[in-house]
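Heads up: the structure comes next, in structure tokens.
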Amino acid sequence: MLAIGGLDRVAVAPIVPRVLHVIEQDERVQPSDDVEISLPRDVIRLKNGDNAGLSVTGGSAFHPIRHDLAGDAGWGENGLCRIYHFPEPPLNHGARGNHKAFLAKRSGIRHHTPLRWPIPHWSLLKATGVPMRNLSSLSPLRLDLGHVCLALVLCLFHALLYWKIAEFYAAHLPHYDSIGSYTQAFRVLRAYHQDGWGAAFELASKFHLSLTQAMFAALFAPLLDSTPQSLQLYNTLALAMLSFTLASTTRLLGGGKWSALAAGLLPLLPDGLYWWQSGWQDWQRDPAYIAFLASAAFLLLRHAALRTTTSGVLLGVAVGLTIISRDSAPGYVVMIIGPAYVVLAVTLLVRHRSEWRAIMIPVLTSLPFAALYAIFQLPGTLARFGNAYIFYGWNSGLQVSAAAHWAAPFKLLIGRWQAGQGLAGNQALVETAAVFGCLLVLGGLAFASRCLRFESMPGRRRLAVAAVTLGLWAVFVTMANLIVVVGLGNIGFESVKPMFFPTLLLFFALGVVALGCLRASPRTGRLAGPATLAFAVLLLAWAPHRLDLKGYDESASTMAALPKIMALLQEKPGAVVVFYWQDGITVDTLIYYSVQRGLQEPRTLYFTAPDGAGLDVNIGVLPNMAVTEIQDIMVRDTLCKADFVLLAADRTFYTHSDNPLFIRRHGGPIFDRLTAALKGKEAFSYNWWSYPLTLYDNRTRPPC
Numbered sequence: 023m024l025a026i027g028g029l030d031r032v033a034v035a036p037i038v039p040r041v042l043h044v045i046e047q048d049e050r051v052q053p054s055d056d057v058e059i060s061l062p063r064d065v066i067r068l069k070n071g072d073n074a075g076l077s078v079t080g081g082s083a084f085h086p087i088r089h090d091l092a093g094d095a096g097w098g099e100n101g102l103c104r105i106y107h108f109p110e111p112p113l114n115h116g117a118r119g120n121h122k123a124f125l126a127k128r129s130g131i132r133h134h135t136p137l138r139w140p141i142p143h144w145s146l147l148k149a150t151g152v153p154m155r156n157l158s159s160l161s162p163l164r165l166d167l168g169h170v171c172l173a174l175v176l177c178l179f180h181a182l183l184y185w186k187i188a189e190f191y192a193a194h195l196p197h198y199d200s201i202g203s204y205t206q207a208f209r210v211l212r213a214y215h216q217d218g219w220g221a222a223f224e225l226a227s228k229f230h231l232s233l234t235q236a237m238f239a240a241l242f243a244p245l246l247d248s249t250p251q252s253l254q255l256y257n258t259l260a261l262a263m264l265s266f267t268l269a270s271t272t273r274l275l276g277g278g279k280w281s282a283l284a285a286g287l288l289p290l291l292p293d294g295l296y297w298w299q300s301g302w303q304d305w306q307r308d309p310a311y312i313a314f315l316a317s318a319a320f321l322l323l324r325h326a327a328l329r330t331t332t333s334g335v336l337l338g339v340a341v342g343l344t345i346i347s348r349d350s351a352p353g354y355v356v357m358i359i360g361p362a363y364v365v366l367a368v369t370l371l372v373r374h375r376s377e378w379r380a381i382m383i384p385v386l387t388s389l390p391f392a393a394l395y396a397i398f399q400l401p402g403t404l405a406r407f408g409n410a411y412i413f414y415g416w417n418s419g420l421q422v423s424a425a426a427h428w429a430a431p432f433k434l435l436i437g438r439w440q441a442g443q444g445l446a447g448n449q450a451l452v453e454t455a456a457v458f459g460c461l462l463v464l465g466g467l468a469f470a471s472r473c474l475r476f477e478s479m480p481g482r483r484r485l486a487v488a489a490v491t492l493g494l495w496a497v498f499v500t501m502a503n504l505i506v507v508v509g510l511g512n513i514g515f516e517s518v519k520p521m522f523f524p525t526l527l528l529f530f531a532l533g534v535v536a537l538g539c540l541r542a543s544p545r546t547g548r549l550a551g552p553a554t555l556a557f558a559v560l561l562l563a564w565a566p567h568r569l570d571l572k573g574y575d576e577s578a579s580t581m582a583a584l585p586k587i588m589a590l591l592q593e594k595p596g597a598v599v600v601f602y603w604q605d606g607i608t609v610d611t612l613i614y615y616s617v618q619r620g621l622q623e624p625r626t627l628y629f630t631a632p633d634g635a636g637l638d639v640n641i642g643v644l645p646n647m648a649v650t651e652i653q654d655i656m657v658r659d660t661l662c663k664a665d666f667v668l669l670a671a672d673r674t675f676y677t678h679s680d681n682p683l684f685i686r687r688h689g690g691p692i693f694d695r696l697t698a699a700l701k702g703k704e705a706f707s708y709n710w711w712s713y714p715l716t717l718y719d720n721r722t723r724p725p726c
């Protein structure tokens, strides 16, 4: 070895396998007090040694070298930097902190307050022999081949979803749970094209269900059009945030670039994320919400290990986006992320009394998002959750709710078995279960061959245990809240499955830990890249088929009736409409197509309950509610205010004694009185599958 700046040969001591226990015990070696042994001809290096806070005497500041993610060729295994300018401490040092005295004595290096921004001085990089082409790898957000492949996979996945969404909605009506989000986004886009960005952002701020969706539509308005496939970019960006966060955490656990790529593909596996209600292709609020929530959870683990300005800001942004992504999100942020962050803060204050900055940066970063929620979303959220008429079957009791939904986390992963349909009718579940089974077998073989093992480093073990613990906590909180506190009852899994999305954090945690602990021999290591890329190709090729299996047929009679109803509405722009019906074409469907086509929107007929609450026809059944009074109000307001009325032709549709909807249980008298009053005003009839429906034209109603 030649000395830097000269031709004198310098003797290098042989590397002896060992653990430097003094450094391992010292709290200033961050984040996980890890030490690894170099390969021959490499100098012992410390991972994340920047938190030790070193500077070069003589005036030039040294911002320590940071390599958060695993390295590439020239950086050594697991991404640990080769710090050539640091002499190796003696083997027989015994007292705590002797390595610091040794470094100070031999190198003229002194300690000072830790520097958090990891930008190495260029001259020091040149002196240490770091190739200038590797400068980008020093960034906490650096891209290597694995990240490039992950970005490519996500772009292809977005293209597939764009194509399938356009194909699907050419022959299907939007889902009732996402139609409101689409409609509001179309309104924002129309406001931008008519009045500019100011009007678009003003309108977006009024959508309390999801501020991120509305603000996305306003911010990206020049690039979007009023189609569902155009808005898919929002979900893809949220998915990319989650995928890269999982990949980064895997690298932090010691995984290589291909393990990180596999971790980034984990969100593409669960069956529950391919449904046309709340899947990645749907604009219901839940897919992006779970992506933000899971990103916040894993960025919290990353910040616990690194405690840098960058990791703190990223954590704060992820928490903030989660808060404003949907109206009920703050509750889960408090219940899942909150306790974990409190544990981190207490631990830092007890062990590292000078870590106030690491604690406060995420809090301060997330505060502006919390303020946006308090100003624009909280009033509407309180009004929504304060309206008892919109809760269907809640408070049904522990036993009933547990019996109906105890298996919800498993159904999200592999699907729900539909009784009586055999293997052919459950093809999606069979395929997904087969893929998960193969992955479990491969994991078992890796464990048996000792390819799956924890590193001997305690910091990585602690991080892995923390990840799994956080996942288990998310499952416990979600199940306890929905089954014990809310009491969902026996409502169908398809209707409530997005509520169980936070349980997916455990699946992501187990996958990241397993991939981060995966170690391969030199022979099998050559297969890691091709095998991971083949798995990515399999997921991409499988995705269109999974989306088709989750699709649903649309009634041909219903689709034929849609243009007729739209034509009637144009005869009276702004018509008041009431549909005593919840499937197929609804008032929300008519508003969606009117906004999309730039037409004047029809208006929904609202009622006022005896207690002053605002109602529509889709209200739930409450104990001791004034049934007769509400029936009278609905009949009176319908006849006096509605221009168009839709009713089922069969009275039995409104007499189901066990249905949680008011109109389905107590709608019989309403049906009798309305059909008698509207006789002779039938516009036309059509079928929603086997249910005959009749649309009445009440525009010539007498004044009330």
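Using my numbering, the first residue of the sequence shown is number 23, and each one after it goes up by one. Using N, Cα and C, we set each Cβ at its ideal position, and we do this for glycine too. Here the structure is a predicted model, which means the values were calculated and not measured.
Less than 8 Å between the CB atoms is what I'm expecting for residue 254 and residue 180, so what's the real figure, rounded?
-> 7 Å
Could you pull out every residue in the same chain whose Cβ sits closer than 6 Å to the Cβ of residue 616, ignoring the five residues on either side in sequence?
-> Closer than 6 Å at Cβ, skipping near neighbours: 623.
For residue 510, the nearest candidate out of 454, 427, 724 and 431 (CA to CA) | 427
Residues that residue 709 bridges to, as DSSP identifies them = When beta bridges are read from the DSSP output, residue 709 appears opposite 714.
According to DSSP, is residue 593 helix, strand or coil?
-> helix
DSSP state of residue 626 mapped onto helix, strand, coil | strand
Backbone CA spacing between residue 88 and residue 247 [nearest angstrom] = No answer about residue 88 holds up, because its pLDDT of 35 lies below 50 and its placement is not dependable.
Tell me which same chain residues have a C-beta within less than 7 Å of the C-beta of residue 571, skipping the five on either side of it?
-> 449 and 450
Report the three-state DSSP secondary structure of residue 724 (helix, strand or coil).
-> The answer is coil: DSSP assigns residue 724 none of H, G, I, E or B.
Member of 463, 327 and 530 whose CA lies at the smallest distance from the CA of residue 728 | Because residue 728 is not part of the residues shown, which for the chain are 23 to 726, the question remains open.
Could you name the residues that DSSP lists as bridge partners for residue 599?
-> 626 and 666
Determine contact between the stretch 586-604 and the stretch 699-719, defined as no fewer than three beta-carbon pairs at a distance below 8 Å.
-> Flag = yes, the stretch 586-604 and the stretch 699-719 touch.
Name the residue from 285, 667 and 281 whose alpha carbon lies nearest to the alpha carbon of residue 696.
-> 667
Alpha-carbon to alpha-carbon, residue 625 and residue 593 | 14 Å
Separation of residue 221 from residue 698, as counted between CA atoms | 46 Å
Going by Cα to Cα distance, which pick from 643, 640, 621 and 648 is closest to residue 634?
-> It is 648 whose Cα lies nearest to the Cα of residue 634.
DSSP beta-bridge partners of residue 719 = 666
Collapsed DSSP secondary structure at residue 704 in the structure displayed | strand
Per-residue burial, residue 382 [other beta carbons within 10 Å of its own, 16 or more giving buried] = exposed
Range of the contiguous alpha helix (DSSP H) that encloses residue 564 | 550-572
Identify the residues that DSSP records as bridge partners of residue 167: which are they?
-> Paired residue(s): none; residue 167 is not in a bridge.
Who pairs with residue 683 in a beta bridge, going by DSSP?
-> 642
Can you give the beta carbon distance from residue 587 to residue 612, rounded, assuming they're within the 8 Å contact cut?
-> 7 Å
Going by the beta-carbon positions, is the gap between residue 256 and residue 568 smaller than 8 Å?
-> no
Below 7 Å CB to CB, which residues in the same chain sit around residue 548 once its five sequence neighbours on both sides are set aside?
-> none
Using the Cα positions of residue 310 and residue 607, report the straight-line distance between them to the nearest angstrom.
-> If you draw a straight line from the Cα of residue 310 to the Cα of residue 607, it is about 26 Å long.
Just the C-alpha distance for residue 576 and residue 541, rounded to the nearest angstrom, thanks.
-> For the pair residue 576 and residue 541, the Cα-to-Cα distance works out to about 49 Å.
What do you get for residue 676, buried or exposed, if any count of 16 or more other CB atoms within 10 angstroms of its CB means buried?
-> buried
Proximity winner among 227, 201 and 242, relative to residue 304 (alpha-carbon distances) | Residue 201 is the option with its Cα nearest to residue 304.
Can you tell me where the alpha helix (DSSP H) with residue 534 in it begins and where it stops?
-> 526-538
Kindly indicate the opening and closing residues of the alpha helix (DSSP H) around residue 290.
-> Per DSSP, residue 290 belongs to no alpha helix (DSSP H) and is neither H nor E.
Out of 215, 263, 507 and 251, point me to the one whose CA is closest to residue 241's CA.
-> 215
With 16 other CB atoms within 10 Å as the buried threshold, where does residue 348 fall?
-> buried
Segment limits, alpha helix (DSSP H) that includes residue 378 | From DSSP, the alpha helix (DSSP H) with residue 378 extends over 378-394.
Specify the secondary structure class of residue 637 as computed by DSSP and reduced to three states.
-> strand
Whole-angstrom Cβ separation of residue 665 and residue 583, contact assumed at under 8 Å?
-> About 17 Å separates the two Cβ atoms, so there is no contact after all.
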